[in-house]
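What follows is a single structure, written as structure tokens, with notes after it.
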Amino acid sequence: MTELLLKSDSHFVVDVVVSLRSNPKKLLVILDGDQGITIDDCAEVSRLLSGRLDETNLIDGAFMLEISTPGLDQPLKTKRQYLKNVGRKVKVKTKSKTVEGKLSAVQENNIEVLEQTGSGKKKEERAIEILFDEIEKTFVLVSFK
32 MTELLLKSDS
42 HFVVDVVVSL
52 RSNPKKLLVI
62 LDGDQGITID
72 DCAEVSRLLS
82 GRLDETNLID
92 GAFMLEISTP
102 GLDQPLKTKR
112 QYLKNVGRKV
122 KVKTKSKTVE
132 GKLSAVQENN
142 IEVLEQTGSG
152 KKKEERAIEI
162 LFDEIEKTFV
172 LVSFK
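Going by my numbering, the first residue of the sequence shown is number 32, and it counts up by one from there.
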């Protein structure tokens, strides 16, 4: 249903979290976009989705609807998020190791991270391929240089 509410093909749903235990019930929709998401985008989706949910009576009783974007503390969840972040520094935690470096490529089944080793004249960069199946969490690292 949210695909019908997104005003642009560049916007996409990252996650939907439903909490039926709280009172009122809560529906959290996390959106992202190839060029980002604005507060106006979130407000528009909220108005449209709220109306559709009221029409269809999908959730019984009172509920709280929250539309948000993934924060910096949230791991990447979709291949589209990986594609959006090619060229940025990431920290990838796998089942066996942690790799930090520049996300250089996203393929069908894996990503490629350029990891730097050494320093000064001995600085080297090597490409590490990581299968999506091996990834536990990937975070985009923000630099304040």
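Even glycine gets a Cβ: it sits at the ideal position worked out from N, Cα and C.
| Asked | Found |
| --- | --- |
| Given that a residue counts as buried once 16 or more other Cβ atoms are within 10 Å of its Cβ, and exposed if not, what is GLY132? | buried |
| Given a cut-off of 8 Å, decide if ASN141 and PHE170 are closer than it, judged by their beta-carbon atoms. | no |
| What does LYS120 pair with, by DSSP beta-bridge criteria? | LYS133 |
| Per the contact definition of three or more C-beta pairs closer than 8 Å, is the segment 145 to 152 in contact with the segment 103 to 110? | no |
| For VAL49 and LEU62, which I take to be in contact (beta-carbon distance under 8 Å), what is that distance rounded to the nearest angstrom? | Contact flag wrong, Cβ pair sits at about 16 Å. |
| Shortest alpha-carbon distance to LYS126 belongs to which of GLY149, ILE166, LEU96 and SER150? | ILE166 |
| Quick check: what's the CA-CA separation for ARG83 versus CYS73? | 15 Å |
| Which residues does DSSP pair with ASP46 in a beta bridge? | ILE61 |
| Nearest CA to the CA of GLU139: which residue from ARG119, HIS42, GLU156 and GLU160? | GLU160 |
| In the DSSP assignment, the alpha helix (DSSP H) including ALA74 goes from what residue to what residue? | 70 to 87 |
| Express the C-alpha separation of VAL60 and SER99 in angstroms, rounding to a whole number. | 6 Å |
| Note down, in chain order, each residue of its chain lying with its Cβ closer than 8 Å to the Cβ of GLY92, except the 5 sequence neighbours on either side. | PRO55 and LYS56 |
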